[in-house]
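When we follow numbering that gives the first Met the number 0, the leftmost residue of the sequence shown carries the number 0, and every step to the right adds one.
Backbone N, C-alpha and C fix where the C-beta goes; we use that ideal spot for every residue, glycine too.
Here is the structure we will look at, set down as C-alpha cells.
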Amino acid sequence: MHGLTLPAPGGPSQLVLRDDLAVPPLANPAHVRVRIVAAALNHLDLFVADGLPGIPLGPGWVPGADGAGIVDAVGAEVSHVRPGDRVLLNPGYADADDEYTRAGDQPLSPSYKILGEHVPGTLAEFVTCPASCAHPIPPGVSWEEAAAFPLATLTAWRMVHARARVRRGQHVLIQGIGGGVALAALAMCHDIGAVTWVTSGSDEKLARAARLGATHGLNYRTTDVARAIRQATAKRGVDVVIDSVGTATWASSLGALGRAGRLVTCGGTSGPMLETDVRKLFWNQWTLMGSTMGSEDEFAAIVRELGAGRLRPVVDRVFPLAEGRAAYEHLASGRQFGKVVIRVSDGP
Ligand SMILES: NC(=O)c1ccc[n+]([C@@H]2O[C@H](COP(=O)([O-])OP(=O)(O)OC[C@H]3O[C@@H](n4cnc5c(N)ncnc54)[C@H](OP(=O)(O)O)[C@@H]3O)[C@@H](O)[C@H]2O)c1
C-alpha cells in the first residue's frame, strides 16, 4: 500500500513517501480496517515529527491522527459498520478495563492511544483500529470535511462544554484563532450565544473569523490583548479563556480573565512552561483547567452536531499525499486558517 512514513524524528524533512508498505492485518475481532480517502493534520503531527518521548518511530511508521475512508474489512465481533460504509475515525481509544474506562472517560485511562502517535496512523492507504472508533459520515459531508473534523472538534467540545461550561452571553477569549482547535471552539461558542474575543497574528485571519461569527478580534502582534479586553469591558475581563498556545499567551490569557473566571488549556504550541502569580489565582478565585481529547460519548455527540449542520470544520487547503511534506511545512509555517487536509486515495 502507499503511505507517508516517519522513520526517525527530526521534523517534516524526515517524511518518506512509500508505495511498498504492508497492508495491516485485521488481527483483532473487534477491529475494522479502513481504506483512507482523506487524512488531516493537527499540531500534534508536528510534535510527533519532531520526536516525542516514548513514541516508537521507525522505518515503516505511519503518522496521522485524523482520517476518513471506506470500511474495507470488519472483525467477527463487529456489527455497527460494514464493508463499503463511509466512516470518519475517532483518533483516540482506550483498551484497558480500569476506573476511567468504566466511568466512560477514556482519555484519562493510562491505556489511551492516539492514531499516528501510539499506534500506526491515517496517512496511508489502510489503517486498522477498534470498530468503536469508526462512525458513519453524515450525508452531505465531504471526505475532506470528514477528515478535518475529529481531533480538533473533539478537543474543543470537551473544553467548551464539559470543562469551561460556556453559557449564552458569557465573554470568551479564544487565543490563536487560525488553529484547528481554536476555530472549532469558536463555532461552539458562537452556537451557544457567547460573546467571543479571538486573537491572531494576522488581520486577514481576524477578518475571516469575524465572518464566522467572532464578536471581537485582536492582533496579538500589534495589540496588548489583556489591556484591550480590560478597557473594552470596563475592567471586568472575560468569563472564560480557551488557550492552546501556552507560554506565549499565558500572561494575556490571565490578564484578560475576570473574577471567578475559568481558563481551560489543551496545549502549549509556543512552549510548555508557564508563570502564574498565585495571589491573582486565589484573590480572583480563578479555575485553571486542563483538557485532553474527549470520550466516546463526546465523540458521538460531535458527529451528531456534524450531521445536524451545527458544526463544520474549516478546511484551509488540500494537498495530495505526494505533497505530504509540503502539507506539514504549511502547517508549521502558521499560515493556515483551519485544517490542512491530505488526500490519500481516490474515493467515490
Ligand atoms: N490535549 C489535547 O488533547 C490536544 C488536542 C488538540 C490539540 N492540542 C494542542 O493544542 C495546540 C493547538 O493545536 P492545533 O492543532 O489547533 O494547532 P494549529 O492548527 O497548528 O494552530 C496553531 C495556532 O496557534 C496560534 N499561535 C501560535 N503562536 C501563537 C502566539 N504566539 N500567540 C497566539 N497564538 C499563537 C496560531 O494562531 P494564528 O494563526 O491565528 O496566529 C496558530 O494558527 C497544539 O499545541 C496541540 O498540541 C492538544
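Just to confirm my understanding: we take D44, look at its own chain, exclude 5 residues before and 5 after, and list those with CB closer than 6 Å. What are they? P62
Where the alpha helix (DSSP H) containing I228 begins and where it ends: 224–231
Pull up the DSSP beta-bridge partners for T198, would you. L217
Extent of the continuous alpha helix (DSSP H) to which G179 belongs: 179–191
Just to confirm, does G270 get its C-beta within under 7 Å of one of the non-hydrogen atoms of ligand 1? G270: no, Cβ never under 7 Å from ligand 1.
Can we say the segment 156–169 touches the segment 208–227, given the rule of at least three CB pairs closer than 8 Å? no
Whole-number beta carbon distance between L182 and S252, since they are thought to touch under 8 Å: Incorrect: roughly 18 Å between the Cβ atoms, too far for contact.
Pick helix, strand or coil for L330, following the three-state DSSP scheme. helix
Alpha carbon to alpha carbon, what distance is there between R261 and R334? 29 Å
Could you give the first and the last residue of the continuous beta strand (DSSP E) run that contains T127? 125–129
Quick one: residues in its chain with C-beta nearer than 6 Å to the C-beta of M288, no 5 flanking neighbours on either side, listed in chain order? R162, V263
Sufficient close CB pairs (3 or more, under 8 Å) joining the segment 53–68 to the segment 116–123: yes
Assuming I341 and F318 are in contact, meaning their beta carbons sit under 8 Å apart, how far apart are those beta carbons, in whole angstroms? 5 Å
Supposed contact pair Q169 and V239 - C-beta distance, whole angstroms, cut 8 Å: V239 to Q169, Cβ: 6 Å. Contact.
Is the number of C-beta pairs between the segment 322–330 and the segment 124–137 that are closer than 8 Å three or more? no
Residues in the same chain with beta-carbon distance under 6 Å from G247, minus the five sequence neighbours each way, listed in chain order, please. Per the sequence presented here, residue 247 reads as Ala, with Gly not at that position. Excluding residues within five positions, the ones whose Cβ falls inside 6 Å are S269.
R17 to P6, Cα distance in whole Å? 11 Å
Hey, would you say G83 sits closer than 8 Å to A48, going by beta carbons? Result no, Cβ atoms of G83 and A48 do not sit closer than 8 Å.
Buried/exposed call for M187, threshold 16 Cβ in 10 Å: buried
Nearest neighbour of V33, chosen from R167, A67, A145 [CA to CA]: When each option's Cα is compared against that of V33, the closest is A67.
Cβ of C188 within 7 Å of any heavy atom in ligand 1? no
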